[in-house]
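A short write-up of the structure that comes next.
Numbering (the numbering used here), first residue to last: 285 to 535.
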């Protein structure tokens, strides 16, 4: 019953507080007949489902990435489809292993290699208070080791030449992922990036600038930006979704 409640809360937050970029993305790649899509931090596969509903009869390959050990079970139906490849691994700036912070009381928020959400006492207190009302006894974060690789290594190993859509939602470790995609960005192998940026409110502008500058240097243009209200509410954290396209692919 508690799991069902959490699932319903997650979907409610997604459809009421989050901003959908999928239709805009599909417009940007309307002429592409074959699509290669990376969903990093896929969790329950909402982004995948939305894109599948919008692309019609076009051919596709989805590469899903999620370090949460429970996510594969949530994605059972999606993974039955052809050309969808699931990877229980975290993409970052190194190959090896890293500590993953798993949020046991609301796994879709803050579960990450980053400590940003885990260490924010205000965020944890307010969310646990809500969960206490709904679920009675909310648990805390736990840490476990997960395998890691860089995007560049993954592309090389799997002989993937280019990515049409790279969606990144990894709760604070997004800059590290981009550092591990140095070659792909340099050689303009990625057309569109949808990235969620999260950090402490007092460090947010600095991190946003760092990511915007990194992508600007690699010929990316910011198309759309939207703040995530559910992240900053009753917390010391700020979050935003950013949609970029490589200038080379602007028709």
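Every residue gets a Cβ at the ideal spot worked out from N, C-alpha and C, and that includes glycine.
- For residue 473, the closest alpha carbon among the candidates 465, 429, 516 is that of 465.
- Counting C-beta pairs with one atom in each stretch, the region 437-451 and the region 312-327 have three or more that are closer than 8 Å, which means they touch.
- In this structure, the beta-carbon distance from residue 382 to residue 432 falls below 8 Å.
- For residue 322, the enclosing beta strand (DSSP E) starts and ends at 318-324.
- Rounded to whole angstroms, the gap between the alpha carbons of residue 385 and residue 424 is 10 Å.
- Sequence-distant partners of residue 533 (beyond 5 residues in either direction) whose C-beta falls short of 6 Å from its own C-beta, in its chain, are 475.
- Counting C-beta pairs with one atom in each stretch, the region 403-416 and the region 352-367 have fewer than three that are closer than 8 Å, which means they do not touch.
- Excluding five sequence positions before and after residue 468, the CB atoms of its chain that fall closer than 8 Å to its own CB belong to 435, 436, 439, 447, 474, given in chain order.
- DSSP lists 387 as the beta-bridge partner residues of residue 425.
- It is roughly 31 Å from the alpha-carbon of residue 372 to the alpha-carbon of residue 501.
- Under the three-state reduction of DSSP, residue 434 is assigned to coil, being neither helix nor strand.
- In the structure shown, the three-state DSSP call for residue 379 is coil.
- The alpha-carbon of residue 426 is positioned some 7 Å away from that of residue 388.
- Its Cα nearest to that of residue 479, the residue 495 stands out among 495, 311, 421, 443.
- Annotation: the continuous beta strand (DSSP E) that includes residue 344 extends over 343-349.
- Between the alpha carbons of residue 343 and residue 324 lies a gap of roughly 20 Å.
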